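> The following block contains the structure, expressed as structure tokens.
Residue numbers (this note's numbering): 3 to 698.
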């Protein structure tokens, strides 16, 4: 119920004489028609509670003919009513779009007049503006008897239109916020796309695709998927399918859509599934599987870096390897999005333009030529995303490398923005950023040794000092950060800049002697610790251990008997548990994952890879393996019963990639797999696995 309706109620409760339309119109500054509509709504409220109506006395007006006790009952009932504010012009237009697109009931304009409490002329103006919006997508808005307002146009155009409308009206997509923290226009969305549905889609997305997408993109994918889902549920299907929808490039996206369909009991036809997988692939910013897109992205990245470096005189080529890698991954997604006219919203656009204007303008000038090639305009939001990548490396190039605090950055605006915040803090304040975490990674804080937290969202009950910052730092933020660091000066660490390398030299000599010329896993760990003690860092993204570096004799268990797959997973993980590489919770998480999502860990014929998320209880990178005398059934008819299980404990998203490559090679070598399964000797097992049979 609206605030004004409640005030009208209070007016009738407070008087014992009739109130005329003229009196009420003057007091509440609304039309006579609106007064009558509100009285009708009030009488429905009273009727549902079996209370006296507001009646009409001829030539005198309206009166609530009720006793004092009855009026008190009405007053008490009003206290329990949820108050609905009046909708603004933008809110009405957003509500109309949502209602026409997603409501199961017809959208009748006369009904909307009474709901909005506006005149026909006001609503006609809203409709005129909606029609102007729809022309961009070649969509018409028609009104049919008993069927109400309807969109007429290609279904894919309607979905794209609603996707952009939600981004525009909703604003900064923070879909994991509780309802009571949302603005009124944001809450409108959940009247038509249930909040619970959004939360469930977010959960499925984090389980399947969060490793290949930044959080900003994950939320965009969830919105687009919700639109596709609701339109399909209401039987709005595609009528024309593009031929290039016949390929699917991402196992993660496919798994996400399969889970969505199962959870929602949606029987989407093959064409609809191909469409949504193809469209979600256009959001991809990390995986580049199409060779043509990959090649175009490579060439475009080289030209873009050269151009921005020339215009800004910032030596980006000194960071070219990682910058090119990040840009190539982003540009592949950008090309796909722009080609398919998909517009991603960047909530930090204005801040990026203000704080990194030189880089932003250079990129904007460059992409004007790209628009000719793609036959579509590259939006300012896309340019802002590219600016984040360049700005991150600009900060890294200029930063002073003397560190005095160990800090953690908590940011829920995506990896690129998080990196930019971290690099800016290091550049201007001599802070060593130990880790960059998201909102879902708070449990990892207990495992880190740090002094301060810089967060883009409020935190509670933390043992460390916290400063909440904007994701894009401005000059006005600098005094705040300076005061924060001064206040917590006692937390700072004195860094011993390496001037005398004698101790390091002797440590390395000892390591070489102990290794015997072989870099085993223990030697590798000691070398890493030696460098750390001397204030030297290793870029672990560039140094990824091989399977033979990680898998030791103690990690191999052969010819075991297991009664079921749960026991097999537990046994496979036992060496890692014994070495304290994992916690017991990690084994539980691996089993729960199979129970929840099925035998997806069976990745090849007779081969399973048991694993869970790092935050489920991984303390150190490790791999173990078990072979079984009798195969164990994981209920995967395509791959058959499992005879060998590898258990992977990954600490991040990159350090285990070489290990994964070795396992993929094993999947494709059935002869080697059969030999491993038959092994009774650990040395023979290792020789076969690492292609070293001539050494046995």
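C-beta atoms are modelled at their ideal positions from N, C-alpha and C, and glycine is treated no differently. Bear in mind the structure is a predicted one, so any value in this text is a computation, not a measurement.
Ignoring anything shorter than 4 residues or poking outside the region 100-175, list the alpha helix (DSSP H) runs there in chain order.
Counting only runs of 4 or more, we get 111-118, 122-137 and 157-172.
> Please work out which residues of its chain come closer than 7 Å, Cβ to Cβ, to residue 403, disregarding the five sequence neighbours upstream and downstream, and give them in chain order.
In this predicted model, residue 403 has a pLDDT of only 41, less than 50, meaning its place in the structure is not dependable; the value taken from the coordinates is given anyway. Excluding residues within five positions, none has a Cβ falling inside 7 Å.
> Does DSSP put residue 381 in a helix, in a strand, or in coil?
Three-state result, residue 381: coil.
> How is the beta strand (DSSP E) around residue 64 delimited, first residue to last?
From DSSP, the beta strand (DSSP E) with residue 64 extends over 63-66.
> Indicate the three-state DSSP secondary structure (helix, strand or coil) for residue 7 in the structure shown.
Note: residue 7 maps to helix in three-state DSSP.
> Using beta-carbon positions only, say whether residue 461 and residue 468 come within less than 8 Å of one another.
Contact: yes.
> In chain order, what residues of the same chain lie with their CB nearer than 6 Å to the CB of residue 364, ignoring the 5 residues before and after it?
Around residue 364: 310, 313 and 314.
> Does DSSP put residue 35 in a helix, in a strand, or in coil?
Residue 35: helix per DSSP, three-state reduction.
> Please give me, in chain order, every unbroken run of the alpha helix (DSSP H) with length at least 4 that falls completely inside the region 457-532.
Listed in chain order, the complete alpha helix (DSSP H) runs (minimum 4 residues) inside the region 457-532 are 480-489 and 504-517.
> Would you decide whether residue 434 is buried or exposed? Buried here means 16 or more other CB atoms lie within 10 Å of its CB.
By the neighbour-count rule (16 or more Cβ atoms within 10 Å), residue 434 is buried.
> Less than 7 Å between C-beta atoms, sequence neighbours within five positions excluded: which residues of the same chain meet that for residue 424?
Same-chain partners within the cutoff: 411, 435 and 438.
> According to DSSP, is residue 434 part of a helix, a strand, or is it coil?
Residue 434 falls in the strand class under three-state DSSP.
> Roughly how many angstroms lie between the CA atoms of residue 477 and residue 427, to the nearest whole one?
Cα to Cα, the separation comes out at about 12 Å.
> Assess, as a yes-or-no matter, whether the region 217-226 is touched by the region 91-99 under the definition of 3 or more beta carbon pairs within less than 8 Å.
With a cut-off of 8 Å, the region 217-226 and the region 91-99 do not count as touching, because too few Cβ pairs lie within range.
> Hey, how far is the Cα of residue 226 from the Cα of residue 603?
C-alpha separation (whole angstroms): 28 Å.
> Using 8 Å as the threshold, is the C-beta distance between residue 627 and residue 553 below it?
Going by C-beta atoms, residue 627 is nearer than 8 Å to residue 553.
> Which residues does DSSP pair with residue 408 in a beta bridge?
Residue 408 pairs with 434.
> Determine which residues share a DSSP beta bridge with residue 194 and list them.
Per DSSP, none; premise fails for residue 194.
> Could you tell me which uninterrupted beta strand (DSSP E) segments, each at least 3 residues in length, are contained entirely in the region 559-607, listed from first to last along the chain?
Entirely contained in the region 559-607, the beta strand (DSSP E) runs reaching 3 residues are, in chain order, 604-606.
> Grab me the residues of residue 593's own chain with a C-beta within less than 8 Å of its C-beta, minus the 5 sequence neighbours each way, in chain order.
For residue 593, where only same-chain residues beyond five positions count, the Cβ hits under 8 Å are 568, 571 and 572.
> Going by DSSP, what residue range makes up the alpha helix (DSSP H) through residue 233?
Segment 217-235, the alpha helix (DSSP H) holding residue 233.
> My guess is that residue 99 and residue 115 are in contact by the Cβ rule of under 8 Å, so how many angstroms apart are they, rounded?
Not really, about 17 Å apart at Cβ, beyond 8 Å.
> Where do the ends of the beta strand (DSSP E) carrying residue 59 lie?
Residues 56-59.
> Give the secondary structure of residue 288 by DSSP, where H, G and I count as helix, E and B as strand, and everything else as coil.
Note that residue 288 scores a pLDDT of 46, beneath 50, so its modelled location is shaky; the value from the coordinates is reported in the next line. The answer is coil: DSSP assigns residue 288 none of H, G, I, E or B.
> According to DSSP, which residues form a beta bridge with residue 634?
Looking at the DSSP assignment, residue 634 forms a beta bridge with 644.
> Tell me whether residue 236 is buried or exposed, calling it buried when 16 or more other Cβ atoms sit within 10 Å of its Cβ.
Residue 236 comes out exposed.
> Kindly give me the distance between the Cβ atoms of residue 240 and residue 339, rounded to whole angstroms, as I take these residues to be in contact under 8 Å.
Rounded, the Cβ-Cβ distance is 19 Å, inconsistent with contact.
> Give every residue of the same chain whose Cβ lies closer than 7 Å to the Cβ of residue 480, excluding the five residues on either side of it in the sequence, and list them in chain order.
Taken in chain order, the residues that qualify are 430.
> Only counting the same chain, and skipping five residues up and downstream in sequence, which positions put a Cβ closer than 6 Å to that of residue 249?
A caution first: residue 249 carries a pLDDT of 46, below 50, which makes its placement in the model unreliable, though a value can still be read off. Here the set comprises nothing.
> Is DSSP giving residue 46 helix, strand or coil here?
Note: residue 46 maps to helix in three-state DSSP.
> Assign residue 133 to buried or exposed, taking buried as 16 or more other Cβ atoms, counted over all protein chains shown, within 10 Å of its Cβ.
Classification of residue 133: exposed, given that the 10 Å Cβ count is below 16.
> Starting from the C-beta of residue 148, find all residues in its chain whose C-beta is less than 8 Å away, skip the five residues before and the five after it, and write them out in chain order.
108.
> Any idea which residues DSSP pairs residue 610 with across the strands?
Looking at the DSSP assignment, residue 610 forms a beta bridge with 604 and 647.
> Take the Cβ of residue 128 as the centre, count every other Cβ of all protein chains shown within 10 Å, and call the residue buried at 16 or more, exposed below.
Classification of residue 128: buried, given that the 10 Å Cβ count is 16 or more.
> Once DSSP output is grouped into helix, strand and coil, what is the label at residue 2?
Absent from the structure is residue 2, since the part of the chain shown begins at 3 and ends at 698.
> Using DSSP's beta-bridge definition, name the partner residues of residue 439.
Beta-bridge pairing links residue 439 to 412.
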